[in-house]
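Inspection log for the structure reproduced underneath, given as structure tokens.
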Amino acid sequence: MFDYMTVEEAAEKWGITGRRVQILCRQDKIPGSIKKSGAWFIPQSAQKPSDPRLHRKNRISSAEILKRQVVKMRPELIEFNNGMPVRAFARSGNQYPYHWHDALEIIQVLKGSVNIGMGDDDLLLQEGDIAVTNMGEIHRMAGDGEEEILFIHIDNDFCRRVLPDHYLFIYCCSPYHEAQAPEKYNVLKEYIARLAVMLGAGPRITDQNTVEKLLKEMLIYTTYNFDFIRWGYGTEPFDEKRVSRLRQMAKHTTSDAEVQMGLTALAAELGISAQHLSGDIRKKFGMTFQELLCYSRCEHAARLLLGTDRRIVEIAADCGFSDNKYLIKYFKRFFRSTPSDFRKAYQLDGTTLALQTQYRVMSFDYALRRLPLVGARDSRE
């Protein structure tokens with residue numbers, strides 16, 4: 615039975631703030647709403663109550679509310695309710711300019727198609743496809759207008775508790791290599807379906823400990839089987855010694871000299887030449903390890919370009935580039951634009967950002983019926 619929605623879902627459905635929904639619940643303005651473990655839950659069939667404040671002269675328009683919400687997209691501020699470290703919802707007609715969030719995002723296309731832009735990649739996802747957006751990863755989205763998408767957000771703090779020692783970068787996107795590794799993707803889709811059913815079951819059925827147990831299993835599976843440092847663009851993993859050392863280097867090195875020292879030490883441990891190791895890395899990742907780190911620095915720079923008004927020379931220094939010219943060089947390679955042109959094109963004021971952000975809230979019940987619920991029924995028993 616999927617008969618209740620969270621405060622956040624009601625706020626999104628009705629175009630009001632979550633705080634306003636809570637006030638309406640406390641005032642008994644929403645028939646059938648219940649409070650459990652300090653959180654309110656609203657019947658899916660509930661209608662938006664009339665708001666007497668709309669008759670005041672100095673009322674805030676719905677456009678202004680949207681504007682205020684959208685400004686939070688850089689970074690997007692994600693709220694998790696009911697003590698859960700995860701939330702799920704469905705939307706159609708999705709149009710999102712560049713943004714990022716401090717949460718792991720998983721999407722599955724239920725119908726139609728959507729273009730996802732990440733760095734210099736522009737990927738077309740079609741019905742059944744899935745993709746993971748990493749924490750802090752800058753991305754944008756443009757649907758075909760009729761597409762339907764399931765979104766799952768997982769709290770950053772929960773991820774770090776489950777995976778405290780991991781440099782986390784997941785490489786999972788159906789157009790990349792689902793055809794080469796269908797088994798891995800099918801298992802993850804089953805996890806997604808089971809988790810969605812649990813979250814859609816409502817407060818009377820959903821048990822938080824059970825949800826967190828499944829979520830932990832899914833995270834461990836995903837971070838092993840889609841870890842970019844372990845697998846790169848291929849289907850054969852690096853050995854654990856290489857993965858561990860490369861992960862430490864990615865977390866702690868700040869200069870090309872340190873990277874070279876680390877690679878030389880790792881090559882000695884493995885009993886191979888530094889040239890041999892560098893060749894293995896280039897074959898797996900399509901670039902040198904230094905270039906991989908430069909991509910990460912450029913992504914950080916992109917967030918600063920859109921989220922602040924700092925000078926480019928300051929951004930270059932903050933992102934670990936010894937000279938502004940190196941930021942420009944690598945940014946042009948990875949984002950197909952100079953930093954200044956990127957800022958001019960995508961650093962939007964609040965009103966324009968709001969106008970470019972569009973979506974329609976879908977019934978979560980309907981979204982669940984469209985999911986291929988492989989193995990999901992067992993999770994409700």
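Note that my numbering numbers the sequence shown so that position 252 is 866, with each residue one more than the last. Positions of the beta carbon are idealized from the N, C-alpha and C atoms, including for glycine.
Inspect the CB distances between the stretch 902–912 and the stretch 695–704 and report whether three or more fall short of 8 angstroms.
Flag = no, the stretch 902–912 and the stretch 695–704 do not touch.
Among VAL728, ALA881, ASP736 and VAL776, which residue has its Cα nearest to the Cα of PHE948?
Sequence index remark: in the sequence shown, residue 948 carries index 334 (1-based). Taking only the C-alpha atoms, the option nearest PHE948 is ASP736.
State the DSSP-derived secondary structure class of CYS933, mapped to helix, strand or coil.
Taking the first residue of the sequence shown as position 1, residue 933 is located at position 319. Coil.
Measure the alpha-carbon distance for SER706 versus TYR618 and round it to whole angstroms.
Here residue 706 refers to the residue found at position 92 when the sequence shown is read from its first residue. Here residue 618 refers to the residue found at position 4 when the sequence shown is read from its first residue. So the two alpha carbons sit approximately 20 angstroms from each other.
Taking Cβ positions, are VAL728 and LEU739 nearer each other than 7 angstroms?
The residue you call residue 728 lines up with position 114 of the sequence shown. The residue you call residue 739 lines up with position 125 of the sequence shown. Yes, they are a contact pair.
Between the stretch 840–849 and the stretch 786–801, do three or more beta carbon pairs fall short of 8 angstroms?
Touching, yes, given that three or more Cβ pairs across the two stretches are closer than 8 angstroms.
Check the DSSP bridge columns for LEU690 and list the partner residues they point to.
In the sequence shown, the residue the question calls residue 690 occupies position 76. A small correction: the amino acid at residue 690 is Glu; Leu does not occupy that position in the sequence shown. HIS715, per the DSSP bridge assignment.
Please report the distance separating the alpha-carbon of CYS908 from that of TYR712.
As a working mapping, residue 908 is identified with position 294 in the sequence shown. As a working mapping, residue 712 is identified with position 98 in the sequence shown. CYS908 and TYR712: Cα-Cα distance of roughly 20 angstroms.
Please report how far the alpha carbon of THR836 lies from the alpha carbon of GLN889, in whole angstroms.
Counting from one through the sequence shown, the residue named residue 836 turns up at place 222. Counting from one through the sequence shown, the residue named residue 889 turns up at place 275. Cα-Cα distance, rounded: 31 angstroms.
Since ASN938 sits in a beta bridge, which residues does DSSP pair it with?
Locating residue 938 in the sequence shown gives position 324, where the first residue counts as 1. BP columns for ASN938 are empty, so no partner.
Could you tell me whether the stretch 738–755 touches the stretch 908–918, where touching means 3 or more Cβ pairs closer than 8 angstroms?
Touching, yes.
Since I believe ALA981 is in contact with LEU724 (beta carbons under 8 angstroms), could you give me their beta-carbon distance rounded to a whole number of angstroms?
Within the sequence shown, the letter at position 110 stands for residue 724. Within the sequence shown, the letter at position 367 stands for residue 981. Going by Cβ atoms, the distance from LEU724 to ALA981 rounds to 6 angstroms, so yes, they are a contact pair.
Please report the Cβ distance between PRO961 and GLN709, rounded to the nearest whole angstrom; I am assuming they are in contact, meaning their Cβ atoms lie under 8 angstroms.
For the purposes of this step, residue 961 is taken as the residue at position 347 of the sequence shown. For the purposes of this step, residue 709 is taken as the residue at position 95 of the sequence shown. The question names Pro, yet the displayed sequence has Gln at residue 961. Contact flag wrong, Cβ pair sits at about 18 angstroms.
Identify whether SER977 lies in helix, strand or coil by the three-state DSSP scheme.
Here residue 977 refers to the residue found at position 363 when the sequence shown is read from its first residue. Coil, per DSSP.
Measuring straight from C-alpha to C-alpha, what distance separates ASN800 and TRP845?
As a position in the sequence shown, residue 800 is number 186, starting the count at 1. As a position in the sequence shown, residue 845 is number 231, starting the count at 1. Rounded to the nearest angstrom, the two C-alpha atoms are 18 angstroms apart.
Report the option in TRP654, LYS939, GLN822 and SER954 whose CA atom is closest to the CA atom of ARG917.
Position 303 of the sequence shown, counted from the start, is the residue given in the question as residue 917. Closest option to ARG917, Cα to Cα, is SER954.
Using DSSP bridges, identify the partner residues of TRP654.
Residue 654 sits at position 40 when you count from the first residue of the sequence shown. Answer is LYS649.
In chain order, what residues of the same chain lie with their CB nearer than 6 angstroms to the CB of ASN696, ignoring the 5 residues before and after it?
What you label residue 696 is simply residue 82 of the sequence shown in a count that begins at 1. ALA653, listed in sequence order.
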